[in-house]
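Take the sequence shown: its letters are residues 1 to 113, numbered as in UniProt numbering.
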Amino acid sequence: MAKRGGFPGGMPGNMNNLMKQAQRMQRQMEETTKELEEKEYTAAAGGGAVEVTVSGKKELLSVKIAEEVVDPDDIEMLQDLIVAAVNEAYRKAESESQAAMSKLTGGLGGFGF
Numbered sequence: 001m002a003k004r005g006g007f008p009g010g011m012p013g014n015m016n017n018l019m020k021q022a023q024r025m026q027r028q029m030e031e032t033t034k035e036l037e038e039k040e041y042t043a044a045a046g047g048g049a050v051e052v053t054v055s056g057k058k059e060l061l062s063v064k065i066a067e068e069v070v071d072p073d074d075i076e077m078l079q080d081l082i083v084a085a086v087n088e089a090y091r092k093a094e095s096e097s098q099a100a101m102s103k104l105t106g107g108l109g110g111f112g113f
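In structure tokens, the structure reads:
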């Protein structure tokens with residue numbers, strides 16, 4: 001008969017190793033998150049007519065607009081180009097973030113990582 005409340009087969013040692021691995025993964029995730037937040041992502045729209053740069057913290061850092069697309073009679077096109085460029089820059093940042101975290105967690109998405 002097994003002991004009450006015990007872990008047969010040396011489970012406490014395995015649990016300690018698992019906890020250490022989880023703590024190490026958490027530290028790596030925090031470091032990776034910090035590195036990603038410090039990065040900048042640039043994207044363009046309209047063949048380079050509008051270029052934006054965002055940070056890994058998802059802050060818009062800069063917008064560059066080519067003179068030839070500044071048409072007072074067609075402000076909507078310029079607005080659309082800016083939105084497209086910003087969204088693409090955010091997609092780049094998100095894609096790199098997901099790839100980096102997936103690499104760390106090894107696909108452990110079901111465990112809250």
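Backbone N, C-alpha and C define an ideal beta-carbon position, used for all residues, glycine too. If you're wondering where the values come from, they're calculated on a predicted model, not measured in any experiment.
For residue i, three-class secondary structure by DSSP
i	result
A44	strand
K34	helix
K58	coil
M1	With a pLDDT of 48 at M1, under the threshold of 50, the predicted position of this residue should be treated as unreliable, though the coordinate-derived value follows. Reduced to three states, the DSSP call for M1 is coil.
V63	strand
K20	helix
V69	helix
N- and C-terminal bounds of the beta strand (DSSP E) containing residue i
i	result
R103	It is worth fixing the name first, because residue 103 is Lys in this sequence and not Arg. Taken as a continuous stretch (DSSP letters only), K103 belongs to no beta strand (DSSP E), being part of the alpha helix (DSSP H) at 75-105.
V52	50-55
Option in the options with minimal Cα separation from residue i
i	options	result
S55	Y41, E94, E96	Y41
T53	Q21, N17, V83, N16	V83
Q79	G106, E94, V63	V63
A93	T33, L104, E76, E68	T33
L61	L104, E38, D73, I75	E38
Pair within 9 Å by beta-carbon distance, residue i and residue j
i	j	result
residue 114	E59	Residue 114 cannot be examined here, being either before or after the span of the chain that is shown, 1 to 113.
A89	A43	yes
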